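So that you can map any letter, position 73 of the sequence shown is 642 in our numbering, and since no number is skipped, the others follow by simple counting. Before any comments, here is the structure.
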Amino acid sequence: MSSEQEWDIVSGIGITALAVAASRAVETSRDGALAKDPYAVRFVAEAGSPLPLPTTEAEATAIEGESGAPGVDTYVAVRTRAFDDYFQRALDAGVTQIVLLASGLDARPFRLPWPEAVVVFEIDQPQVLDFKMKVLRKCGATTACDHRPVPIDLRLDWGTALEKAGFDRARPTAWLAEGLLPYLPPEAEEELFHEIHRLSAPGSRLAVEYVGDMRQALDSDAIRDNARSAGVDVGDLLHTDQRPTPRARLSDLGWETRDVPAPEAATGYGRPLDPDFLMRSAVYVFARRP
Ligand SMILES: C[S@@+](CC[C@H](N)C(=O)[O-])C[C@H]1O[C@@H](n2cnc3c(N)ncnc32)[C@H](O)[C@@H]1O
Numbered sequence: 570m571s572s573e574q575e576w577d578i579v580s581g582i583g584i585t586a587l588a589v590a591a592s593r594a595v596e597t598s599r600d601g602a603l604a605k606d607p608y609a610v611r612f613v614a615e616a617g618s619p620l621p622l623p624t625t626e627a628e629a630t631a632i633e634g635e636s637g638a639p640g641v642d643t644y645v646a647v648r649t650r651a652f653d654d655y656f657q658r659a660l661d662a663g664v665t666q667i668v669l670l671a672s673g674l675d676a677r678p679f680r681l682p683w684p685e686a687v688v689v690f691e692i693d694q695p696q697v698l699d700f701k702m703k704v705l706r707k708c709g710a711t712t713a714c715d716h717r718p719v720p721i722d723l724r725l726d727w728g729t730a731l732e733k734a735g736f737d738r739a740r741p742t743a744w745l746a747e748g749l750l751p752y753l754p755p756e757a758e759e760e761l762f763h764e765i766h767r768l769s770a771p772g773s774r775l776a777v778e779y780v781g782d783m784r785q786a787l788d789s790d791a792i793r794d795n796a797r798s799a800g801v802d803v804g805d806l807l808h809t810d811q812r813p814t815p816r817a818r819l820s821d822l823g824w825e826t827r828d829v830p831a832p833e834a835a836t837g838y839g840r841p842l843d844p845d846f847l848m849r850s851a852v853y854v855f856a857r858r859p
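Encoded structure:
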């Protein structure tokens, strides 16, 4: 299936958002979870996925043995917590405008305790946000913040859509691009960084997940076969060409950056990554516009 085709929640890119939600459900079921997302299990249940997506630790252990993707749930837990902590630091620094780029089925606007004065925008494909909001409404989910979904393709003029939804470029913003970059063609990625920069007042922050060696991360027959069984060709969905690192792009734009390798973050949270985990080259980039 090509990324230009069907966009419902159980096919194409939609299922990537669902798979991440399943990992968050698994983490939520653990004692001492790094992040708790009570809605994750509901997204998986409501979607009716053709793939057997585990939502508890026991199911995950059983399925992981077959899928050949060891450590993915731990990775998602660590990544989720690393970016949750980033938002807490941004709030502590007085930032009150948040933009989640490609928020997928993450329920941050609902699962984190945002103060009332905060506005949280979330951008993703219309079909993904549609499904997400239907399930959240069914769950009776509420949020204290001013929550504004902006359904648009990030390869289009999303900056204008964001401003139409009330985004204020004079106000410092905390941006997040989590699980997004490999889905964008190189020119759209470059445009994304320029647009973030254009819309960022001094004092704005950005957190980005970057997978250094995407080719190596995808070099697994088990992952390809597993995805194919759900009608997804990962080669069609993900772009593996070499590009400048986020650090290089942001430094060129005058931002201060700090790279935290995912294995280091994982160890810091007391949840070391599996030695066979295929995305060990992932880096969390934290940047600030002076
Ligand atoms: C792997 S999911 C990650 C979602 C979320 N950040 C999380 O961690 O749960 C990738 C997300 O990127 C979104 N995405 C990919 N390409 C996109 C595009 N061109 N425009 C908008 N969203 C896009 C998908 O719809 C999907 O929700």
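Cβ coordinates follow ideal geometry from the N, Cα and C atoms, glycine included. Bear in mind that the values here come from a model prediction, so they are computed numbers and not experimental data.
DSSP places Asp699 in no beta strand (DSSP E) but in the uninterrupted alpha helix (DSSP H) bounded by 695-708. Between Arg849 and Trp824, the C-beta gap is not smaller than 8 Å, which leaves the two residues out of contact.
In the DSSP assignment, Thr742 falls within the beta strand (DSSP E) that extends over 742-746.
Leu753 and Val780 have their C-alpha atoms spaced approximately 13 Å apart. Measuring C-alpha to C-alpha distances from Leu847 to each of Gln657, Thr630, Val645 identifies Val645 as the nearest.
Put simply, the backbone Cα of Ala770 is about 19 Å away from that of Val854. The residue from Thr585, Leu768, Val689 with its alpha-carbon nearest to that of Asp715 is Val689.
Beta-bridge annotation (DSSP): Ala776 is paired with Leu745, Phe855. For the set Glu833, Leu806, Ala590, the Cα lying nearest the Cα of Asp606 is the one of Ala590.
For the pair Gly673 and Gly748, the CB atoms are nearer than the 8 Å cut-off.
Taking every protein chain shown into account, the CB of Glu732 has fewer than 16 other CB atoms within 10 angstroms, so this residue is exposed. Leu603 is a Cβ neighbour of Arg650, given a cutoff of 8 Å. Straight-line measurement puts the Cα of Lys707 at about 21 Å from the Cα of Leu622. Positions of the alpha helix (DSSP H) runs, each at least 4 residues long and wholly inside the stretch 710-741, are given as 727-733 in order along the chain.
Look at Pro832 here: in three-state DSSP terms it is helix.
Residue side-chain check: Gln811 keeps its Cβ at 7 Å or more from all non-hydrogen atoms of ligand 1. DSSP lists Val668, Arg717 as the bridge partner or partners of Phe690. Between the alpha carbons of Ala627 and Asp600 lies a distance of about 13 Å.
Proximity of the beta carbon of Val697 to ligand 1 is indicated: a heavy atom of the ligand is located closer than 7 Å. Around Pro751, the same chain offers Val780, Met783, Leu807, His808 as residues with beta carbons nearer than 7 Å, after the five sequence neighbours per side are excluded. Relative to ligand 1, even the nearest heavy atom lies 7 Å or more away from the CB of Ala831. Leu670 is positioned such that its CB atom lies closer than 8 Å to that of Ile692. DSSP places Arg849 outside both helix and strand once states are collapsed to three, so it counts as coil. In the structure shown, Arg827 falls within a strand segment according to DSSP collapsed to helix, strand and coil. Between Ile667 and Ala616, the C-beta spacing is not below 8 Å. Counting C-beta atoms within 10 angstroms of its own C-beta, Glu685 has fewer than 16 neighbours from the protein chains shown and is therefore classed as exposed. Thr665 sits buried, since 16 or more C-beta atoms from the chains shown fall within 10 Å of its C-beta.
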